[in-house]
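So, in structure tokens, the structure goes:
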């Protein structure tokens with residue numbers, strides 16, 4: 001195993017590629033929406049055999065740019081060249097015909113169909129399905145990418161990394177010049193990321209131009225042959241192959257931070273990926289002597305295809321941050337929901353400050369100071385068609401001061417929202433804006449504002465920074481540390497090992513619904529946790 | 544929590560309609576635009592079949608609004624439509640597609656019509672009306688219990704179960720009318736409630752107090768959804784059922800409560816019709832309000848007050864239209880055609896104005912580009 005200090009990051013190794021020709025060029029692209037300039041004279045070129053990284057915070061204009069390339073939007077101004085010829089991309093179909101393949105962040109395979117059926121669905125020209133031909137094509141592509149997926153199995157049985165590989169094959173099915181990957185690592189485990197990196201190498205060898213969209217700085221510097229940094233719709237900076245090979249990792253990061261935020265001091269120190277602060281954080285916090293949250297032998301079934309948990313015991317003191325690591329789908333969500341009261345447990349006991357809370361409802365637990373920040377922000381966290389102000393009180397429907405004797409008090413709801421917007425730095429046109437229109441980072445801040453009202457005692461965070469930009473990530477981690485300093489007991493569930501190492505005092509590894517081990521963070525913790533995640537110790541024990 | 548609530552939350556957007564400034568203009572375009580378009584199309588069809596569209600419309604207006612008795616009939620017709628609409632709004636806003644209103648209505652109608660003659664003979668009329676109103680509500684509500692429970696407990700799709708229960712309910716209503724509730728008449732129908740014992744009318748009119756009941760009912764539904772925590776919970780359930788679970792709303796209980804309330808309003812509609820207008824129920828009779836009211840409540844965006852003008856328009860068209868069709872020697876089917884056209888154009892207009900609200904081009908892309916050039 002190459003587990004160790006690299007963690008879930010990309011491994012950086014490359015040389016300067018040979019002089020390349022642009023497969024696609026965007027020249028002076030401008031696109032405005034009512035009130036927003038999403039792209040402001042953006043120019044960039046994707047070269048054959050190279051990875052072009054498009055780096056920027058949420059709302060920097062990355063997605064708009066790619067929607068233009070994939071034919072969803074038309075630019076207001078500017079030109080697009082494909083293989084040197086000016087084109088007007090009429091529609092998504094036209095974009096595909098031009099050889100532009102797109103793999104979206106959220107995978108779109110139909111789970112009940114086999115891999116091959118999924119592939120044939122979009123691509124089969126006639127009425128009848130030609131399985132043999134499709135199988136041959138799949139074989140070719142899989143071999144060239146080094147992918148080993150059985151084309152006859154149902155898409156639902158594939159891991160997320162494999163599903164993504166199939167999506168890449170789908171994008172290449174008709175022969176592409178350019179492949180666009182939108183935040184391709186956001187759903188993947190460390191192993192999945194390593195596989196993706198191998199696939200990218202294969203794609204580069206075959207002469208494809210790749211556009212890799214990300215908001216993670218280390219990914220951009222690790223996989224990109226060129227990096228274009230977008231900020232508020234404009235190109236804020238570019239790094240060429242010479243820069244990427246010539247500069248050290250730290251220098252690169254500093255340059256990019258400079259381009260993204262305009263200064264290296266304030267924002268740079270906050271950058272979540274700079275781990276220097278990790279050593280100093282925990283020691284200074286006071287702890288309560290008794291645990292605030294205790295789980296003793298808790299078992300529960302998962303629902304909706306989630307894995308359940310079995311015989312989970314843990315305790316978290318006030319002032320402590322308890323991390324939960326593990327491969328996605330190891331029972332993390334069930335654990336969080338059982339603590340929050342959203343799911344009944346079949347065995348064991350949960351105590352809050354020594355008091356059993358097994359039979360209590362979600363809202364009773366909330367009133368006792370137990371809070372849960374869900375990872376599924378849009379799915380269950382908010383009602384996206386509702387205004388921000390309403391979403392901020394969703395967990396307190398019927399409670400004063402927002403409702404008195406069942407009657408709504410809109411002024412109180414409004415006041416609460418204005419306060420939350422200030423206190424949590426939620427960027428929104430107004431408190432009446434539908435929350436679904438806000439960026440992921442601002443939705444997450446709204447959820448924090450909703451969960452952390454009054455005096456929380458125990459807070460469970462499920463993937464608190466998942467899919468957010470670096471600035472918001474830094475702000476959220478700072479808030480979590482702040483809560484711990486105030487004596488709150490905190491559980492952070494995450495698939496980002498760096499985050500857990502950075503934040504937690506101890507990290508438990510969840511493996512197939514059971515706790516495989518608990519590791520205090522510090523020297524050598526990363527390797528130890530990595531071993532537990534991939535199951536080395538369990539296997540050794542069995543042998 | 545067991546119900547895997549794959550609710551149709553994205554089908555519609557129940558954000559409260561705000562009646563301010565530009566929104567008023569918008570509402571006018573939305574409501575008048577489609578009517579004008581439908582009248583034009585209908586006029587064209589009338590002209591093709593050799594009738595005079597102008598006199599046809601004049602007849603509708605005459606018989607549905609201008610003539611005092613017609614106006615009163617139109618207003619009276621609104622009562623059951625408003626109540627059924629209210630019942631649908633309660634369920635639909637919870638994301639519960641109670642499409643079994645016809646069965647709930649007919650069964651309640653059979654019970655009310657079957658027991659009314661003897662009950663009204665025994666107690667004073669106002670008390671009798673109250674008891675029969677409650678009976679209708681109880682029967683309508685009871686007929687939703689099975690779909691509600693199946694949905695709340697097992698997550699069974701309520702569209703299927705309410706529709707199926709509707710068939711069973713209307714069949715059962717017929718059995719009751721032909722069996723235990725069969726009256727003295729030779730045709731299978733219940734005994735007739737004496738005209739003197741029917742719902743009181745507003746002084747000097749034929750408008751019965753059921754209309755007032757219906758208006759109060761939709762106003763209450765409106766207030767519940769705009770002001771109360773209960774309404775908010777129902778709305779959250781309808782907008783995002785998973786969020787409702789997440790924020791700690793007791794989802795199964797709420798599903799059952801909204802279903803019961805919905806069925807009760809359907810049953811009340813039946814009681815009002817039986818006691819206010821018909822006075823008896825004939826076997827195989829079915830006004831089938833359900834299919835007609837569904838589009839109305841959607842056009843009103845599930846807003847209980849906004850449904851009132853739609854119900855009024857619908858009533859005028861059906862009362863005046865009957866007369867106009869007779870005069871033009873057209874089958875009454877023609878009326879359904881006219882109503883259908885209006886509703887279709889309303890839906891199209893709403894789609895286009897929604898699209899504009901979202902800042903999109905109303906015209907398809909290619910044509911929009913050409914128009915700019």
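Protein chains in written order, with my numbering: chain A, 1 to 543; chain B, 544 to 916. Just so you know, even glycine gets a beta-carbon here, dropped at the ideal spot from N, CA and C.
Next item on the list: Give me the Cα-Cα distance between residue 361 of chain A and residue 185 of chain A, rounded to the nearest whole angstrom.
Entry: 36 angstroms
Next item on the list: State the start and end residues of the unbroken beta strand (DSSP E) segment that holds residue 238 of chain A.
Entry: DSSP places residue 238 of chain A inside the beta strand (DSSP E), whose first and last residues are 234-239.
Check: With a cut-off of 8 angstroms, do at least 3 Cβ pairs link the stretch 503-523 of chain A to the stretch 323-338 of chain A?
Finding: yes
Margin query: Alpha carbons only, please: which of B/612, B/603, B/629 and B/810 is nearest the one belonging to residue 758 of chain B?
Written below: B/629
Next item on the list: Consider the Cβ of residue 899 of chain B: report whether some Cβ of chain A lies at a distance smaller than 8 angstroms.
Entry: no
Note to self: By DSSP's criteria, residue 102 of chain A is part of a beta bridge. Which residues make up the other side?
What the structure shows: DSSP lists A/180 as partners of residue 102 of chain A.
Notebook entry, point to check: When you compare each of A/378, A/379 and A/352 to residue 544 of chain A by their alpha carbons, which one comes out closest?
Noted result: Nothing can be reported for residue 544 of chain A: it is not among the residues displayed for chain A, which extend from 1 to 543.
Note to self: Can you confirm whether residue 698 of chain B, when its beta carbon is compared against all beta carbons of chain A, has any partner nearer than 8 angstroms?
What the structure shows: Residue 698 of chain B is outside the set of residues whose beta carbon lies under 8 angstroms from a beta carbon in chain A.
Check: If you run the structure through DSSP and keep just helix, strand and coil, what is residue 732 of chain B?
Finding: strand
Next item on the list: Pick out whichever of A/386, A/112 and A/53 has its Cα sitting closest to the Cα of residue 200 of chain A.
Entry: A/53
Notebook entry, point to check: Straight-line CA distance for residue 253 of chain A to residue 797 of chain B?
Noted result: Their backbone Cα atoms lie some 53 angstroms apart in a straight line.
Note to self: Quick check: is the beta carbon of residue 789 of chain B nearer than 8 angstroms to any beta carbon in chain A?
What the structure shows: yes
Checklist line | Pick from A/318, A/388 and A/216 that is closest to residue 465 of chain A, judged by C-alpha positions | finding: Ranking A/318, A/388 and A/216 by Cα distance to residue 465 of chain A puts A/216 first.
Check: Can you find a C-beta in chain B that's less than 8 angstroms from the C-beta of residue 407 of chain A?
Finding: yes
Note to self: Suppose contacts are defined by Cβ-Cβ distances below 8 angstroms. Is residue 663 of chain B in contact with residue 779 of chain B by that definition?
What the structure shows: no
Notebook entry, point to check: Among B/883, B/618 and B/712, which residue has its Cα nearest to the Cα of residue 651 of chain B?
Noted result: B/712
Check: Whole alpha helix (DSSP H) runs in the stretch 292-363 of chain A with 4 or more residues, listed along the chain?
Finding: 332-340
Item checked: the stretch 629-648 of chain B / the stretch 837-856 of chain B touching (three or more Cβ pairs under 8 angstroms) -> yes
Check: What residue from A/294, A/235, A/433 and A/381 has the CA that sits closest to residue 38 of chain A's CA?
Finding: A/235
Margin query: Taking the alpha helix (DSSP H) that residue 611 of chain B belongs to, which residues open and close that run?
Written below: 611-636
Margin query: Closest to residue 321 of chain A by C-alpha separation, out of A/480, A/145, A/69 and A/70, would be which residue?
Written below: A/480
Item checked: Reference residue 776 of chain B, options B/671, B/760 and B/795, closest by Cα -> B/795
Next item on the list: Determine, using beta carbons only, whether residue 188 of chain A and residue 161 of chain A come nearer to each other than 8 angstroms.
Entry: yes
Next item on the list: Would you give the residue range spanned by the beta strand (DSSP E) that residue 46 of chain A belongs to?
Entry: 36-47
Next item on the list: Pull up the distance between the alpha-carbon of residue 75 of chain A and that of residue 175 of chain A, whole angstroms please.
Entry: Cα atoms of residue 75 of chain A and residue 175 of chain A: separation of roughly 25 angstroms, rounded to the nearest angstrom.
Notebook entry, point to check: What is the DSSP secondary structure of residue 752 of chain B, reduced to helix, strand or coil?
Noted result: coil
Checklist line | Sheet register partners of residue 372 of chain A (DSSP bridge) | finding: DSSP lists A/460 as partners of residue 372 of chain A.
Next item on the list: Note down, in chain order, each residue of its chain lying with its Cβ closer than 6 angstroms to the Cβ of residue 506 of chain A, except the 5 sequence neighbours on either side.
Entry: 322, 518 and 520
Note to self: I need the boundaries of the alpha helix (DSSP H) containing residue 89 of chain A, first residue and last residue.
What the structure shows: From DSSP, residue 89 of chain A is part of no alpha helix (DSSP H); its letter is neither H nor E.
Note to self: Please report the distance separating the alpha-carbon of residue 781 of chain B from that of residue 384 of chain A.
What the structure shows: 12 angstroms
Check: Looking only at its own chain, which residues have a Cβ that is under 7 angstroms from the Cβ of residue 893 of chain B, when we skip the five neighbours before and after it?
Finding: 573 and 842
Check: Given that residue 573 of chain B touches chain A, what residues does it touch there, using C-beta distances under 7 angstroms?
Finding: Simply none; closest approach about 19 angstroms.
Check: So, does the CB of residue 783 of chain B fall closer than 8 angstroms to a CB anywhere in chain A?
Finding: yes
Check: Closer than 7 angstroms, Cβ to any Cβ of chain B: which residues of the stretch 383-408 of chain A, in chain order?
Finding: 383, 385, 386, 394, 395, 397, 398, 403, 406, 407 and 408
Checklist line | DSSP beta-bridge partners of residue 231 of chain A | finding: A/234
Check: Would residue 70 of chain A count as contacting chain B if we go by Cβ distances under 8 angstroms?
Finding: no
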